[in-house]
Amino acid sequence: MNATLAPELCSAVDQFGNSYDIAQNLIRECAAHDWARIALVMDVSGFLEDGDHWYATEAEQVCAASNYATAKRWFTEECGPIGEAWDDTGWLMYDADNPTAVALAERITASLHGYPILDEMDHSEREHAAMIEEVEGSPLTLPDGVDGGDVLSELACPQLGCITMDMVEDALSGMGYTQCSDCDEWLTPSTARRGEPLCRDCALNESCPPVRWTTPTLTGGSGWEPGKPLTTVLKPYLDGYATEQGAAYREDVRAIVRGSKQGYRAVYGRAA
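As structure tokens, then:
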């Protein structure tokens, strides 16, 4: 059988570089399916693609993937199982002599020329999932138990590709979280107070010699080992009040360190 391309497909193929190779590949597909003529479903910019190709924006990629999946579903419903008969490596091809397939392809093309989305619900679901990935893929580490969907619910009219770290931080602040002053861990203080909140590890690190306030020369007998945090001194505070208020605070840690025998010796270089 001498396979050929449908006239509209010939015109579209001519718009591409390497048009001869594209045409020959399609003709081979056509012959493999025992079709006389082959055609591809068209959108406003050319062939309807599956969204895995290169696009200028993620929003365009999501839109393409939604339209492709919707068109593929319609072909399944009206022309039978897709299998390898209609789907060709990211393009929807069909028998140009099949009246049902031709009518459906024309309907899809006309719909896309009138409005760029075939199925609003499918598109919205994909867009929402992509925005969740965008939030969760940001450099910010979300608090335990919080996902991208929780953050999105706090944002006013978020747009895919336009969600910034500042927006995520504002959303988390609105949910009652605050970030540790020394690292990226999110804390949930139960009461509002001034100061610099710290996570447990950073609070312990705050007590590590050399203490930033002074750097005295120490002699033995202080009960303090250089380079080690004053864990014993801080443990009652961290297990008690700091846990209750949802965060430790730098000023508390410094006061406790100064007020303890070990801390006083570490800070001032002499016994309290």
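FYI, in this note's numbering the residues of the sequence shown are -9 to 262.
Backbone N, C-alpha and C fix where the C-beta goes; we use that ideal spot for every residue, glycine too.
Bridge partners - residue i, DSSP secondary structure assignment
| i | result |
| --- | --- |
| residue 37 | 32 |
| residue 85 | 28 |
Neighbourhood of residue i by C-beta, 6 Å cutoff - its chain only, sequence neighbours within 5 removed
| i | result |
| --- | --- |
| residue 57 | 108 |
| residue 175 | 189 |
| residue 37 | 30 and 81 |
| residue 131 | 174 |
Residue i, enclosing alpha helix (DSSP H) - first and last residue
| i | result |
| --- | --- |
| residue 164 | 155 to 164 |
| residue 44 | Run containing residue 44: none; DSSP gives neither H nor E here. |
| residue 218 | Counting along the chain, residue 218 falls outside any alpha helix (DSSP H), and DSSP gives it neither H nor E. |
| residue 114 | 110 to 126 |
| residue 192 | 190 to 196 |
| residue 138 | 138 to 142 |
Residue i, DSSP secondary structure in three states
| i | result |
| --- | --- |
| residue 21 | helix |
| residue 91 | helix |
| residue 167 | coil |
| residue 58 | helix |
| residue 239 | strand |
| residue 187 | strand |
| residue 150 | coil |
| residue 177 | strand |
| residue 226 | helix |
| residue 16 | helix |
| residue 145 | coil |
| residue 250 | coil |
| residue 231 | helix |
| residue 70 | coil |
| residue 98 | helix |
| residue 182 | coil |
| residue 104 | helix |
| residue 203 | Confidence at residue 203 is low in this model, with a pLDDT of 45, below 50, so its placement is unreliable and no value can be given for it. |
Beta-carbon proximity list for residue i, same chain, < 7 Å, skipping 5 on both sides
| i | result |
| --- | --- |
| residue 39 | 54, 58, 80 and 81 |
| residue 289 | This structure leaves residue 289 out entirely; the chain is present only between -9 and 262. |
| residue 101 | 108 |
| residue 112 | 56, 59 and 60 |
| residue 236 | 177, 178, 179 and 180 |
| residue 191 | none |
| residue 125 | 138, 141, 142, 153 and 158 |
| residue 6 | Note that residue 6 has pLDDT 47, beneath the 50 cutoff, so the model's placement of it is unreliable and the number below is only indicative. Once the five neighbours on either side are set aside, the close Cβ partners of residue 6 are 12. |
8 Å CB neighbourhood of residue i in its chain, flanking five on each side removed
| i | result |
| --- | --- |
| residue 122 | 137, 138, 139 and 142 |
| residue 185 | 239, 240, 241 and 242 |
| residue 90 | 68 and 69 |
Residue i Cβ short of 7 Å to the ligand NAD heavy atom set
| i | result |
| --- | --- |
| residue 55 | What this structure holds is no ligand at all, so the ligand NAD is not there to describe. |
How do the region 178 to 187 and the region 147 to 164 stand: do at least 3 beta-carbon pairs fall below 8 Å, yes or no? no
Could you tell me whether the region 42 to 53 touches the region 116 to 134, using the rule of 3 or more Cβ pairs below 8 Å? yes
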